[in-house]
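A.B. asks: Mind having a look at this structure? Questions to follow.
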Amino acid sequence: PLRKTIVATAKERRSAAEMAGIYSVSKLQARLLLHREHHPVWGYERVMIYGNMISEYMVPDTFTNDPMEMSVPLKFKAAFREDADPYHPTGEAAWTSEME
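To convert a position in the sequence shown, counted from 1, into my numbering, add 17.
Have a look at this one:
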C-alpha cells in the first residue's frame with residue numbers, strides 16, 4: 018500500500034475559501050491510503066483509496082455575523098478499475114456500436 022498526506026498551501030486554502038464563500042480556511046489536509054487488490058467476486062484488478070480529510074474554516078454566525086471556527090472531518094472509500102471493462106463499454110464505444 019501507498020500512503021500519502023496532502024496539505025493545502027495558503028494560496029490553495031484562499032482559493033477554496035473564495036469558491037465556498039466563507040471567511041477563511043485555516044486547515045485543509047487529507048491522508049490517503051492507496052491499495053491495489055482484486056475484486057472478490059469478479060476477479061478484476063482495482064485500486065482502492067481510503068481517505069481521511071479534515072478541514073477547519075471560519076464562517077459567520079447566523080445572528081451576530083461574528084466569525085466562528087468550524088471543523089469538519091470526512092472519511093471516504095473509493096474504488097477505481099484499471100483495465101478495460103468488456104461488459105460496460107465507454108460512451109464512445111457504445112455510440113460506435115450503435116452507428117454500425
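C-beta atoms are modelled at their ideal positions from N, C-alpha and C, and glycine is treated no differently.
All of these numbers come straight from a predicted model, not from anything done at the bench.
DSSP beta-bridge partners for I71?
C.D. replies: Per DSSP, Q46, P90.
A.B. asks: Can you name the residues that DSSP bridges to M85?
C.D. replies: DSSP output for M85 lists V76 as bridge partner(s).
A.B. asks: Could you round the C-beta distance between R98 and R63 to whole angstroms and report it? I think they count as a contact, below 8 Å.
C.D. replies: At roughly 5 Å, the Cβ-Cβ gap stays under 8 Å, so R98 and R63 are in contact.
A.B. asks: Under 8 Å Cβ to Cβ from D78, same chain only, skipping five residues before and after it: list those, please.
C.D. replies: Excluding residues within five positions, the ones whose Cβ falls inside 8 Å are P84, M85.
A.B. asks: Does DSSP put E117 in a helix, a strand or coil?
C.D. replies: In this structure, E117 counts as coil in the three-state DSSP scheme.
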